[in-house]
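A.B. asks: Quick one: the structure is below, questions incoming.
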Amino acid sequence: MIEDYSQLITSTWCEKLIARCLDEDGVAAGDVTSVSIVNSKTIGSFEVNARQQGVVSGLHVLMQATHLFGDVELHPTCKDGDRVDGKIATIEGKMNSILTAERTILNVLGYASGVATQTATFVEAVRGTKCEVCDTRKTTPGLRLLDKYAVGCGGGTLHRLGLHDAALYKDNHISAIPIDELGSRLRDAITHAREDRNLSFVEVEVDTMEQFAIVLELDVDIILLDNMNTALLEEAVHLKNSKSPNILLEASGGITIDSARVIAETGVDRIAVGGLVHRSHWLDIGLDAIDV
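Everything in the sequence shown is counted per my numbering, starting at -19 for the first residue and increasing by one.
Pasting the structure below:
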């Protein structure tokens, strides 16, 4: 399993993301507002400030692609993963270039920091238990690597990247398999999957204790317990500990910040929370001119 998705945020990937953001803003066609009012030789200095408390993410991405902003120098005053409530960075350079890049810089930081902050809130909610907070594949289209990176900045545990690096047999994969054939069919599938490539892990989703008992006998790394109440989660934990203690149990299904602690206290090893991304709120970050 990949422990740090920042290794996937390569300089090439960062450049492509920032180039796409600038293209969305029509930068190549010219910033008509800035050009019409700011002298092309004017130099400016600005602070990037968080206007609320949160966990910063996205600086690494911007630093890999600063050259795309033109005559601009970005100087972070913190690092991704730090808790902030104020200055994040200073920006110096030609005023036109800074103003043209402003929205792209703030969009990347605000969005990624929102995901990181949401993740940190869940991590804090389960602190003191053994439970880890995992992300999912419910990510913003086209921004999965940024989402995964931001989750890591917030202290989350990173799940599979996509369909290629781990096997996760979900309810729809096994829905047509009779219960009396489930064990043998999954055993064959898992053997084939492990032989085919080097997988980070093999995981199977179950939503009944009957399915759970069958999967517990198989060569799996993780069992996903979908939408089970706390009584069933506790029962599953007890059974797993007595029969297959090395298998990890992952609870999933509508987990909120209000329910995370209760679920974690059942003894499950992980909770998978799609809301780390799709229920996050952008961190309020702004660009403020420095008086000189």
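Positions of the beta carbon are idealized from the N, C-alpha and C atoms, including for glycine.
Tell me the DSSP secondary structure of F192 in three-state form.
C.D. replies: Looking at F192 - three-state DSSP - the assignment turns out to be helix.
A.B. asks: Using a 10 Å radius around the Cβ and a threshold of 16 neighbouring Cβ atoms, would you call V12 buried or exposed?
C.D. replies: By the neighbour-count rule (16 or more Cβ atoms within 10 Å), V12 is not buried but exposed.
A.B. asks: Can you tell me which of E215, A69, L126 and I194 puts its alpha carbon nearest to the alpha carbon of I154?
C.D. replies: Comparing Cα positions, the closest option is I194.
A.B. asks: Between the alpha carbons of N76 and T101, how many angstroms are there, rounded?
C.D. replies: For N76 and T101, the distance between alpha carbons rounds to 38 angstroms.
A.B. asks: Assess, as a yes-or-no matter, whether the region 66 to 80 is touched by the region 105 to 112 under the definition of 3 or more beta carbon pairs within less than 8 angstroms.
C.D. replies: No, because fewer than three Cβ pairs between the region 105 to 112 and the region 66 to 80 fall closer than 8 angstroms, the two stretches do not touch.
A.B. asks: Return the first residue and the last residue of the beta strand (DSSP E) that D268 is part of.
C.D. replies: First-last of the beta strand (DSSP E) with D268: I265 to A269.
A.B. asks: Tell me the DSSP bridge mates of H55?
C.D. replies: H55 is bridged to T70.
A.B. asks: If you draw a straight line from the C-alpha of A130 to the C-alpha of D160, how long is it?
C.D. replies: Cα to Cα, the separation comes out at about 42 angstroms.
A.B. asks: So, does the region 77 to 93 touch the region -11 to 3, judging by three or more C-beta pairs under 8 angstroms?
C.D. replies: In short, these stretches touch, since the Cβ pair count reaches three.
A.B. asks: In whole angstroms, give me the CA-to-CA distance for L196 and G233.
C.D. replies: Approximately 20 angstroms, taken between the alpha carbons.
A.B. asks: For L143, is the classification buried or exposed, using 16 other Cβ atoms within 10 angstroms of its Cβ as the cut-off for buried?
C.D. replies: Under this definition L143 is an exposed residue.
A.B. asks: Using 8 angstroms as the Cβ pair cut-off and three pairs as the minimum, do the region 26 to 45 and the region 62 to 71 touch?
C.D. replies: Result yes; three or more Cβ-Cβ pairs closer than 8 angstroms.
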